[in-house]
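Mind the numbering: the sequence shown is residues 525 to 834 in the numbering used here, read in order. One structure is given below, encoded as structure tokens.
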Amino acid sequence: MNINNILVSGNYQEEFKSHLSSNLLKDFRFIPVEEITPTDLSWADAYVGPRPSPNFNFSNIKWVHSFNAGVNNYLEIEGWKENNVLLTRTVCSFGQRISEYCLSYILQDLQYHSQFQVKQKQKKWQQMTPKMLRDQTILIFGTGEIGREVAKTFASFGTTVYGVSHSGKPRDYFTEVTTVSNAAILFSKADWIISTLPLTKDTEKLFDRDFFNKLNGTGFINVGRGATVDEEALLHALNTEKVRRAILDVVTTEPLPVNSALWEREDVTITPHISAVTEIDEAIDCFLDTLRKVQNNEILTNKVDFEKGY
């Protein structure tokens, strides 16, 4: 594929400057996403950025690259196949970042951090024996790059890690991988369930009342996409103790509305979508590596499968 004119949605000139070599003979335009015009889109062979412009159309574009791992905002646009446009996404340190995020909250729980803080304020010397990761079982929904990295981290501590994926194919670091339709057989074994799932037509509100009713005091972490969870069903599960604790880095509406009942609960931790913040330097490196592969017709490991939605 021949790419000459690259439209970057955002003022990233300075960030790109240190990454571009003198022999990369490409024309770049850096324009804030709200200021992109139809003329800019007609000029571009490639569109790069975290989200499409409000007036986005394919025009002469051959390739779109997302600065994010998730691409559901791009997939809302129709006509990818008809226009034969390539869509790729950023793959970088997201897996490690999300792994450390999940590890921090599970360790906090196992080490009784909250309980000991309360005892300290009460000036009470009351011992509780921390639990160990090697005695935990974690069920991870999503066995792609991020899910595998999370599994690798926990497996290194001796944790038993199961996986759930569309195909159910075995993956490294997972004791066993099963399909979504068969996942319930593993629920009774899981101390924690972690979702790394993207938002697709198959995953929207996958975690519904029927799902949560099959749990029994399980911890739940969502670092995938907020709309994969039916939040009313999650609240019901917390009220009935089907879910013991929820760690939510993503929610259906972001920012989370101030009137959401999730804010008020002591058994819910809300973080503002920070478990895998995109570092612009990493995003640029991934884009330039993908550009090289696109031009050399090399295999792309970050190419989006439109049927799967990721």
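Each residue gets a CB set at the ideal place from its N, CA and C atoms; glycine is no exception.
Limits of the beta strand (DSSP E) - the one that residue i falls within
i	result
A770	V767 to L772
S545	Looking at the DSSP string, S545 is not in any beta strand (DSSP E), and its letter there is neither H nor E.
V557	It is not in any beta strand (DSSP E) - V557 carries neither H nor E in the DSSP assignment.
E669	Unbroken run through E669 is the alpha helix (DSSP H), E669 to A679; no beta strand (DSSP E).
I794	V792 to I794
Same chain, Cβ closer than 7 Å to residue i, five either side skipped, listed in chain order
i	result
N592	P574, R613, T614 and T802
N737	K766
D732	D754 and A757
Residues that residue i bridges to, as DSSP identifies them
i	result
Y834	Per DSSP, none; premise fails for Y834.
V685	I662
Y571	L531 and V588
L610	W587
I745	I718 and I771
K827	T612
F552	I530
Contacting residues, own chain, Cβ-Cβ under 8 Å from residue i (five flanking each side not counted)
i	result
R816	E822
N596	P722, L723, T724, R749 and G833
R553	N529, I530, L531, V532, D564, W567 and A568
D715	Q660, T661, I662, T742 and G743
Rounded distance between the beta-carbons of residue j and residue i, thought under 8 Å
i	j	result
I601	S577	Not quite, the Cβ-Cβ distance comes to about 11 Å (not below 8 Å), so this is no contact.
K693	V704	In fact, because the Cβ distance is near 13 Å, the residues do not count as touching under 8 Å.
T742	I717	6 Å
G748	G666	6 Å
K550	N528	6 Å
E606	D805	With a Cβ gap of about 35 Å, E606 and D805 do not count as contacting.
A770	L758	6 Å
F640	L657	18 Å between Cβ atoms; not a contact.
Cutoff 6 Å; reference residue i; Cβ partners in own chain excluding five residues on either side
i	result
A751	L723, E728 and T776
L772	N746 and I794
L730	T752
G534	G573
F618	A593, I670 and A800
Counted within 10 angstroms of its Cβ, other Cβ atoms place residue i as buried (16 or more) or exposed
i	result
A785	exposed
V642	exposed
F830	exposed
E558	exposed
W649	exposed
L548	exposed
Min CB distance residue i to chain C below 7 Å
i	result
P574	Within the model displayed, chain C is absent; a lone protein chain is all it includes.
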